[in-house]
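To keep things clear, I will list the structure first and then write my remarks on it.
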Amino acid sequence: MGELMLDIKKLRKQPEEIKLALARRGLDAPLDEFAELDRKLREVIAEAEENKALRNKASDEIAAARQAGRDSEEKIAAARKLSEKIKALDLLAADIEAQLDDIVLELPNPPLDDVPDGADEHDNVEVRSWGSPTRFDFEPRPHWDIGTALDIIDQERGAKVAESRFTLLKGAGARLERALINFFLDLHTGEHGYTELFPPILVNSDSMRGTGQLSKFAGQEMYKLRDDDLYLNPTAEVPVTNIYRDEILDEKDLPIHVTAYLPSFRREAGAAGRDTRGLIRQHQFNKVELVKFVRPETSAEELEALTLNAEEVLKRLELPFRTVSLCAGDLGFAAAKTYDLEVWLPSYDDYKEISSCSNFLDFQARRLNIRYRPGGGKPRFIHTLNGSGLAVGRTSAAIIENYQNEDGSVNVPEALRHYMGAEMIE
RNA sequence: GGAGGGGUGGCGGAGCCUGGUUGAACGCACCGGUCUUGAAAACCGGCAGGGGCCCUCGCGGUCCCUCGUGGGUUCGAAUCCCACCCCCUCCGCCA
Numbered sequence: 147m148g149e150l151m152l153d154i155k156k157l158r159k160q161p162e163e164i165k166l167a168l169a170r171r172g173l174d175a176p177l178d179e180f181a182e183l184d185r186k187l188r189e190v191i192a193e194a195e196e197n198k199a200l201r202n203k204a205s206d207e208i209a210a211a212r213q214a215g216r217d218s219e220e221k222i223a224a225a226r227k228l229s230e231k232i233k234a235l236d237l238l239a240a241d242i243e244a245q246l247d248d249i250v251l252e253l254p255n256p257p258l259d260d261v262p263d264g265a266d267e268h269d270n271v272e273v274r275s276w277g278s279p280t281r282f283d284f285e286p287r288p289h290w291d292i293g294t295a296l297d298i299i300d301q302e303r304g305a306k307v308a309e310s311r312f313t314l315l316k317g318a319g320a321r322l323e324r325a326l327i328n329f330f331l332d333l334h335t336g337e338h339g340y341t342e343l344f345p346p347i348l349v350n351s352d353s354m355r356g357t358g359q360l361s362k363f364a365g366q367e368m369y370k371l372r373d374d375d376l377y378l379n380p381t382a383e384v385p386v387t388n389i390y391r392d393e394i395l396d397e398k399d400l401p402i403h404v405t406a407y408l409p410s411f412r413r414e415a416g417a418a419g420r421d422t423r424g425l426i427r428q429h430q431f432n433k434v435e436l437v438k439f440v441r442p443e444t445s446a447e448e449l450e451a452l453t454l455n456a457e458e459v460l461k462r463l464e465l466p467f468r469t470v471s472l473c474a475g476d477l478g479f480a481a482a483k484t485y486d487l488e489v490w491l492p493s494y495d496d497y498k499e500i501s502s503c504s505n506f507l508d509f510q511a512r513r514l515n516i517r518y519r520p521g522g523g524k525p526r527f528i529h530t531l532n533g534s535g536l537a538v539g540r541t542s543a544a545i546i547e548n549y550q551n552e553d554g555s556v557n558v559p560e561a562l563r564h565y566m567g568a569e570m571i572e
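Numbering (this note's numbering), first residue to last: 147 to 572.
What follows is the structure in structure tokens.
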């Protein structure tokens, strides 16, 4: 059986419902084709299984005959024919199944009902905001200018050591990065109840497929090792969500809330103009991730709570932000609902994404085969969620820009002073 | 990286040499029942996952697949052969 992301039984029973939901993403799902292939597949399976039953019976008879010391040459010959027929039918079934997989694996998660309509990011809906855009009585500078002047961000030497879009952090810049990581983790473990993990930074292709980073139309953004079936971690979602792959979790352990700091790597070849400056879009970046494994009934409220946990970081840092609900057309492939947190960035004169919090329902769990037994009964897929809490580099940029002074120094947010061991970067 | 051993159901652990009532003994855990004032013990029973078909649609019937993964041999594979993955022990290397 192939790895299916959507429930194939649901596709069978409620194709219209799913087609409508996927249409909200601007997708015309080929569900008629699916239905036809599915019908054919079941036909072939039924025939193959009939023949297998016959063969099994024949084998038993041959065994019994041998016990009795009787010869069964013609029975064996007949069974041999059956086996050949079965082999052909199994091949046919596998072929049809591959075609079905081609369709099903490319179907994204249908949006939840409370996801706003819309085609792209312009249709995303602001659900709340905190603080207001920072105003300056001087001309504010972008973080790459400030950072270079303070000699805490060195992009030229980062590029020398690796290549463009790798950055060398120095002195207070390096300390700020470390301070943020510790602050995030302390907050989520100490006050929000998450368990801290530190997973491998290299992940195999099974893991990548499990969370949906690898597929026909995705995967070229990842750094792949040449001599091994391993990739550089593109987001902690991958190594963290995969820890329970192929497991049946104990119901009493749910929900499981974990957080992890992990460097992340993405090729992002040829990305757009403005983001090429500074820390906003790097090939290597640090991120603290929040991941939840929950009972299906609770995933909606778990998403709200997770989003608030991520927002709390920005509030403590006193960085202005807004929370938007992604519209159906802007949702990622595996997400059924997503809130983006956008922090105010003076150099952009706009809000910029700093966290993305999603509910995947059972979409990932189905691929990952993570289940639990409700009431000790039959296994059922759990729901998974994740969100950044937060992207570290972008937080650094936001702090440098929002807390800058006219003389080029940068105030350290109150919540971070203990971690920085300083009140100001100058 | 080299040598050897091993991957079986929620867990432990038989079976593999000598292919055929072993989809899997036995034990533990778990669920139900008897017993008991209650509990424990004892005893009786149940207890893997996925899929197809049928239906008086239910905690139903039936069939198929799955003993690390993928191939192969065979009428028939947990059992034989090949490749790969993983784990353990020893050696090497190293933080």
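Cβ coordinates follow ideal geometry from the N, Cα and C atoms, glycine included.
**Message:** With H, G and I counted as helix, E and B as strand and the rest as coil, what does DSSP make of Glu179?
**Reply:** helix
**Of the listed residues Ala543, Leu152, Arg311 and Glu182, nearest to Val250 (C-alpha basis)** = Leu152
**Request:** Locate the beta strand (DSSP E) running through Tyr340, then write down its first and last residues.
**Result:** It is not in any beta strand (DSSP E) - Tyr340 carries neither H nor E in the DSSP assignment.
**Same chain, Cβ closer than 8 Å to Leu400, neighbours up to 5 away in sequence not counted** = Phe439, Val440, Arg441, Tyr518 and Ile528
**Request:** Quick one: residues in its chain with C-beta nearer than 8 Å to the C-beta of Met147, no 5 flanking neighbours on either side, listed in chain order?
**Result:** Low confidence applies here, because Met147 scores a pLDDT of 29, under 50, leaving its location unreliable and the question unanswered by this model.
**Request:** Hey, could you find the ends of the alpha helix (DSSP H) Tyr143 is sitting in?
**Result:** The structure shown does not extend to residue 143, since the chain is modelled only from 147 to 572, so the question has no answer here.
**Asked** Are at least three pairs of beta-carbons, each pair with one atom in the region 469-488 and one in the region 254-273, less than 8 Å apart?
**Response** yes
**Request:** Please state whether DSSP places Ser310 in a helix, a strand or coil.
**Result:** coil
**Prompt:** Relative to the C-alpha of Ala382, which residue among Gly535, Leu296 and Glu323 is closest?
**Reply:** Gly535
**Item:** Beta-carbon proximity list for Asn255, same chain, < 8 Å, skipping 5 on both sides
**Value:** Met151, Leu152, Leu477, Phe479, Ala480, Ala481, Ala482, Phe506, Leu507 and Phe509
**Request:** Measure the alpha-carbon distance for Val386 versus Ala406 and round it to whole angstroms.
**Result:** 8 Å
**Message:** Tell me the rounded alpha-carbon separation between Ala196 and Ala209.
**Reply:** The amino acid at residue 196 is misidentified as Ala; the sequence shows Glu. Distance between the alpha carbons of Glu196 and Ala209 is about 20 Å.
**Request:** With a threshold of 16 other CB atoms inside 10 Å of the CB of Glu323, please say whether the residue is buried or exposed.
**Result:** buried
**Message:** Looking at the secondary structure, which residues open and close the alpha helix (DSSP H) in which Phe509 lies?
**Reply:** Phe509 to Leu514
**Prompt:** So, Gly660 versus Trp290, is the Cβ gap smaller than 8 Å?
**Reply:** As shown, the chain starts at 147 and ends at 572. That puts residue 660 outside it, with no answer to give.
**Request:** Would you tell me roughly how many angstroms separate the C-alpha atoms of Glu569 and Arg321, rounded to the nearest one?
**Result:** 13 Å
**Gly293: first and last residue of the uninterrupted beta strand (DSSP E) it sits in** = From DSSP, Gly293 is part of no beta strand (DSSP E) but of the alpha helix (DSSP H) over His289 to Ala295.
**Asked** Which residues in the same chain have their Cβ closer than 6 Å to the Cβ of Glu149, if we skip the five residues on either side of it in sequence?
**Response** At Glu149 the pLDDT is 40, less than 50, meaning the model places this residue with poor confidence and gives no usable figure here.
**Message:** Let me check understanding here. Comparing Cα to Cα, which of Ile164, Val459, Lys165 and Gly172 lies closest to Ile327?
**Reply:** Val459
**Residue range of the alpha helix (DSSP H) that includes Glu163** = Pro161 to Ala169
**Item:** Cutoff 7 Å; reference Pro286; Cβ partners in own chain excluding five residues on either side
**Value:** Pro492, Glu547 and Gln550
**Asked** Who pairs with Tyr549 in a beta bridge, going by DSSP?
**Response** In the DSSP output, where bridge partners are listed per residue, Tyr549 has none listed.
**Message:** Once the 5 residues before and after Ala167 are set aside, which same chain residues still bring their CB inside 7 Å of it?
**Reply:** Pro256 and Pro257
**Request:** Determine contact between the region 291-300 and the region 495-505, defined as no fewer than three beta-carbon pairs at a distance below 8 Å.
**Result:** no
**Message:** Can you tell me whether Leu562 is buried or exposed? The criterion is at least 16 other CB atoms within 10 Å of its CB, across all chains shown.
**Reply:** buried
**Message:** Comparing C-alpha positions only, which one of Thr280, Ala295, Asp217 and Lys186 sits nearest to Pro466?
**Reply:** Thr280
**Beta-carbon spacing of Gly533, Thr453 below 8 Å** = yes
**Request:** Go through its chain and collect everything with a Cβ distance to Leu187's Cβ below 8 Å, but skip five positions before and after it.
**Result:** Ala239, Ile242, Glu243 and Leu246
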